[in-house]
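Data first, discussion second: the structure below is written as structure tokens.
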DNA sequence: GGACTCTAATTTGCATACAAAAGATCGGTA
DNA sequence: TACCGATCTTTTGTATGCAAATTAGAGTCC
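Chains as they are written, first to last, in the UniProt record's numbering: chain E, 1 to 213; chain V, 1 to 213.
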């Protein structure tokens, strides 16, 4: 084990994101410390980090809880995600390398095949790497930090399980169009496609019932 | 003193922002602990918070240093600031209360007088409260967190000392136009004016020498 | 003279111990 | 029975001590 505090951060963060610790769950320091076999000191540092990143709320003398998101929070988060992801796409368009473009094209094909065969795990993996490349190509550490804060919640829910086949095909089409926009080194195009992409994702997540909002 | 960790955070943050700890300065834990009369434990928690917020960099087993910003960092930060502040203005336009609007108008007048009399301290104070109201009216905790991360650096430099009289008058004019846009509850107008406002600020900070870039 | 190595000193990372605050439990009173 | 208060328990906040890692420096060899 490298650093205990780092380990604690990773473990708790992962547990929150994959739903092992549901929203509202109490995170006792001793409890976590014993579970990880370390002392409370590094646990506290990990919880402070998670607090700043918005994953946990901690009240003085009362301990930490997993943040629970209201409906308004979710809307707010998606608005920010739309803003930041499309901005990242625009920046990436004028900075992305040919190597990264090649990899993105591979991922796009992989994902199309995964959609065809219904392999949800693989879809998620391809999607994650695809978007990861774009964010890195935006080459702004601060932007990446902000995006992480805003992507975390969707991660919890974005299992692709509620995507219909049509939704998935549209998603693949967006990826394809993004690759073209990047090849053309066209920031405005990339930004616009990315906006559509995230808006579509929000609509899927919001559920069909709210289509008319 | 309420909580030692909170106190340490406030003290160190303020010292960084007002320049007492210049970029690159080493922040030893024992040194800070003795200076504040507390132990290293709360100091460490404060440093972790500052790390996530981007104000300090900490390397494993090597301690913390005040972040030093490259020229590219500064550009990157201003791009994000433009994005986020104008977004906040748009949100605020449809949410701001009449009371807040009234206070903003007072501040606008105050600031105009301060510009006339050359009171730089007062200009800065009015400006800070004016923009604070807008950010609060945007009513997005996450957005506020992000803006703080992006406004911190400008805070270090934005002393208004390098503003010419013309720059200051333009700034006041922007504030005046913002009040009108908010009164009209016009998000697009508010967003656009805010974008101009921040772009102008960047140009002042960048220095006249780079006008042709 | 310069580079390398081994050692000593400083500093961070973590664990443990203690103090203080919040929460729970039990008893008493109306 | 319902409500209030005091004590006890649990949990957080902080201090201190120790181990590991990094850095600084002296001495040595080429």
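Heads up, the beta-carbon is just placed ideally off N, CA and C, and yes, glycines get one too.
Assuming residue i and residue j make a contact with CB atoms under 8 Å, what is their CB distance in whole Å?
i	j	result
residue 190 of chain V	residue 112 of chain V	The pair is not a contact, with the Cβ atoms about 20 Å apart (cut-off 8 Å).
residue 150 of chain V	residue 142 of chain E	7 Å
residue 26 of chain E	residue 50 of chain E	Rounded, the Cβ-Cβ distance is 14 Å, inconsistent with contact.
residue 46 of chain E	residue 8 of chain E	4 Å
residue 174 of chain E	residue 140 of chain E	Actually they do not touch by this definition, with Cβ atoms about 22 Å apart.
residue 194 of chain E	residue 178 of chain E	7 Å
residue 43 of chain V	residue 153 of chain V	Actually they do not touch by this definition, with Cβ atoms about 23 Å apart.
residue 16 of chain V	residue 66 of chain V	6 Å
Whole angstroms are fine: how far does the CA of residue j sit from the CA of residue i?
i	j	result
residue 213 of chain V	residue 125 of chain V	Only weak support exists for where residue 213 of chain V lies, its pLDDT of 35 falling under 50; the value from the coordinates is given anyway. C-alpha separation (whole angstroms): 31 Å.
residue 128 of chain E	residue 28 of chain E	32 Å
residue 123 of chain V	residue 114 of chain V	6 Å
residue 148 of chain V	residue 135 of chain V	10 Å
residue 138 of chain E	residue 72 of chain E	29 Å
residue 187 of chain E	residue 181 of chain E	8 Å
residue 101 of chain V	residue 172 of chain V	16 Å
residue 163 of chain V	residue 39 of chain E	52 Å
residue 145 of chain E	residue 183 of chain E	26 Å
residue 6 of chain V	residue 116 of chain E	53 Å
residue 201 of chain V	residue 86 of chain V	13 Å
residue 19 of chain V	residue 159 of chain V	11 Å
residue 83 of chain E	residue 35 of chain V	42 Å
residue 41 of chain V	residue 99 of chain E	46 Å
residue 169 of chain E	residue 118 of chain E	11 Å
residue 130 of chain E	residue 130 of chain V	41 Å
residue 11 of chain E	residue 54 of chain E	16 Å
residue 192 of chain E	residue 37 of chain V	54 Å
residue 30 of chain E	residue 21 of chain E	16 Å
residue 95 of chain E	residue 96 of chain V	38 Å
residue 203 of chain V	residue 203 of chain E	39 Å
residue 185 of chain E	residue 75 of chain V	21 Å
residue 106 of chain V	residue 106 of chain E	58 Å
Is any beta-carbon of chain V found at less than 8 Å from that of residue i?
i	result
residue 49 of chain E	yes
residue 191 of chain E	no
residue 53 of chain E	yes
residue 76 of chain E	yes
residue 185 of chain E	no
residue 254 of chain E	For chain E, the structure presents residues 1 to 213; residue 254 of chain E sits outside this window and is missing.
residue 45 of chain E	yes
residue 32 of chain E	no
Nearest chain E C-beta to residue i closer than 8 Å, yes or no?
i	result
residue 80 of chain V	yes
residue 29 of chain V	no
residue 36 of chain V	no
residue 162 of chain V	no
residue 213 of chain V	Its pLDDT being 35, under 50, residue 213 of chain V is placed unreliably by the model, and nothing is read from it.
residue 182 of chain V	no
residue 17 of chain V	no
residue 205 of chain V	no
residue 209 of chain V	Low confidence applies here, because residue 209 of chain V scores a pLDDT of 45, under 50, leaving its location unreliable; read the following figure in that light. No, residue 209 of chain V does not count as interfacial toward chain E.
residue 3 of chain V	yes
Do residue j and residue i count as a contact pair if the criterion is CB distance below 8 Å?
i	j	result
residue 91 of chain E	residue 198 of chain E	no
residue 64 of chain V	residue 52 of chain V	no
residue 120 of chain E	residue 165 of chain E	no
residue 70 of chain V	residue 23 of chain V	no
residue 103 of chain V	residue 176 of chain V	no
residue 48 of chain E	residue 48 of chain V	yes
residue 60 of chain E	residue 32 of chain V	no
Mind checking whether the beta-carbon of residue i lies closer than 7 Å to any heavy atom of the ligand ZN?
i	result
residue 121 of chain V	Looking for the ligand ZN in the displayed structure turns up nothing, as the structure carries no ligands at all.
- [ ] Determine which residues of the stretch 124 to 154 of chain E have a Cβ less than 9 Å from any Cβ of chain V, and write them out in chain order.
- [x] Residues 139, 140, 141, 142, 143, 145, 146, 149, 150.
Open item on the list: At a CB distance below 7 Å, what residues from the stretch 53 to 69 of chain V approach chain E? Give them in sequence order.
Closed with: Residues of the stretch 53 to 69 of chain V with a C-beta atom less than 7 Å from some C-beta of chain E are 53, 54, 60, listed in chain order.
Task: Under 9 Å (Cβ pairs) to chain V, residues found in the stretch 79 to 104 of chain E - done: Answer set for the stretch 79 to 104 of chain E: 79, 80, 83, 84, 87, 91.
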